[in-house]
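A.B. asks:
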Amino acid sequence: MPLQLTFVTSAKRYVDLPDSPCEVAFVGRSNVGKSSLINALANRKQLARVSNTPGRTQLINLFTLPNGGTVVDLPGYGYAAVPGREKAGWQQMIEGYLLEREELDLVFVLVDGEIGPTKLDVQMLDWLRANQVPHTVVATKLDKVKPSKLATRKKELAKSAGLDTGDVMWVSASKGTGIEQLAKHVVGLLTPAP
Ligand code: GDP
Numbered sequence: 474m475p476l477q478l479t480f481v482t483s484a485k486r487y488v489d490l491p492d493s494p495c496e497v498a499f500v501g502r503s504n505v506g507k508s509s510l511i512n513a514l515a516n517r518k519q520l521a522r523v524s525n526t527p528g529r530t531q532l533i534n535l536f537t538l539p540n541g542g543t544v545v546d547l548p549g550y551g552y553a554a555v556p557g558r559e560k561a562g563w564q565q566m567i568e569g570y571l572l573e574r575e576e577l578d579l580v581f582v583l584v585d586g587e588i589g590p591t592k593l594d595v596q597m598l599d600w601l602r603a604n605q606v607p608h609t610v611v612a613t614k615l616d617k618v619k620p621s622k623l624a625t626r627k628k629e630l631a632k633s634a635g636l637d638t639g640d641v642m643w644v645s646a647s648k649g650t651g652i653e654q655l656a657k658h659v660v661g662l663l664t665p666a667p
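Here our numbering is used: the first residue of the sequence shown is 474, the next is one more, and so on.
(1) Just to check, is the beta-carbon of ASP616 closer than 7 Å to a non-hydrogen atom of ligand 1?
(2) Between which two residues does the beta strand (DSSP E) carrying ASN604 extend?
(3) If we count the other Cβ atoms within 10 Å of its Cβ and call it buried at 16 or more, is ASN525 buried or exposed?
(4) Below 6 Å CB to CB, which residues in the same chain sit around ASP599 once its five sequence neighbours on both sides are set aside?
(5) Would you tell me roughly how many angstroms separate the C-alpha atoms of LEU476 and GLU587, rounded to the nearest one?
(6) Between which two residues does the alpha helix (DSSP H) carrying GLU544 extend?
(7) Residues in its own chain within less than 7 Å of LYS485 by CB, not counting five upstream and five downstream?
(8) Return the first residue and the last residue of the beta strand (DSSP E) that SER483 is part of.
(9) Just to check, is the beta-carbon of THR625 closer than 7 Å to a non-hydrogen atom of ligand 1?
(10) With respect to the alpha helix (DSSP H) encompassing THR650, which residues constitute its N-terminal and C-terminal limits?
(11) So, helix, strand or coil for GLU496, using DSSP?
(12) Taking ASN504 as part of the alpha helix (DSSP H), name the residues at either end of that continuous run.
(13) Would the beta-carbon of LEU583 fall within 8 Å of that of LEU510?
(14) Can you list, in chain order, the residues of its chain whose CB lies under 6 Å from that of THR543, leaving out five sequence neighbours each side?
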């Protein structure tokens with residue numbers, strides 16, 4: 474079952490986001506495949522904008538599920554074309570959200586499965602750990618890894634992210650691999666306890 478996500482709002486500041494019973498967020502470097510993944514989870518082509526679309530990709534985007542739980546798409550980090558001032562703004566926007574958003578239950582940090590964690594990804598993971606923000610890693614673009622290299626790559630990626638191999642979820646938005654499982658995980662997290 475795809476996630477029944479409905480776009481609600483884009484905001485520059487987390488304080489402008491609506492209240493939510495519970496929330497998960499997706500974050501990652503620009504081009505990691507975040508929009509493609511959110512679109513795949515929802516089985517919609519244009520829900521999250523694929524990169525290079527100016528505007529919405531620089532804002533915090535919030536979606537709801539029918540039960541009221543919310544999914545947040547954070548702007549991608551490390552985009553070379555972002556001028557210094559905006560980079561600082563990004564940092565404020567994201568750090569404020571990650572530290573202060575009370576509804577936030579879990580952050581999915583996306584890492585490119587083909588290239589592994591970049592320096593910025595490692596910084597992000599260290600920062601989340603240091604600030605005790607609950608998070609997990611999803612490796613994207615599984616289809617780009619040669620099957621003969623996959624076992625090694627899985628081990629390496631988990632190690633450089635500071636995790637056990639079994640703790641990293643692998644997905645391919647293009648092929649649909651792991652999408653159902655991740656969607657179920659998200660629904661599980663966002664379903665209020667009876
Ligand atoms: P974002 O900037 O993180 O939102 O990344 P996008 O979703 O825009 O994807 C960046 C690029 O990676 C695009 O060219 C996508 O087509 C490509 N991409 C995204 N997911 C996958 C995937 O699962 N497999 C492959 N092969 N390419 C992907």
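Backbone N, C-alpha and C define an ideal beta-carbon position, used for all residues, glycine too. Given the structure is predicted, the values throughout are model-derived calculations rather than measurements.
C.D. replies: Quick look at the numbers:
(1) Yes, ligand 1 has a heavy atom inside 7 Å of this Cβ.
(2) Annotation for ASN604: no beta strand (DSSP E) segment contains it, and DSSP assigns it neither H nor E.
(3) For ASN525, the predicted model reports a pLDDT of 48, less than 50, meaning its position is unreliable; a value from the coordinates is still stated below. Result: exposed.
(4) Excluding the 5 residues flanking it on each side, ASP599 has no same chain C-beta neighbour closer than 6 Å.
(5) Using only the alpha carbons, I get a separation of about 26 Å.
(6) The identity of residue 544 in the sequence shown is Val, whereas the question assumes Glu. Unbroken run through VAL544 is the beta strand (DSSP E), 543-546; no alpha helix (DSSP H).
(7) So the qualifying residues of the chain are LEU532 and MET566.
(8) Per DSSP, SER483 is one residue of the beta strand (DSSP E) stretching across 479-484.
(9) Taking non-hydrogen atoms of ligand 1 into account, the C-beta of THR625 is found less than 7 Å away from none of them.
(10) DSSP places THR650 in no alpha helix (DSSP H); its state is neither H nor E.
(11) DSSP, reduced to helix, strand and coil, places GLU496 within a strand of the structure shown.
(12) According to the DSSP assignment, ASN504 belongs to no alpha helix (DSSP H), since it is labelled neither H nor E.
(13) Yes. Within cutoff.
(14) Within the same chain, THR543 has close Cβ partners SER493, GLU496, LEU535 and THR537.
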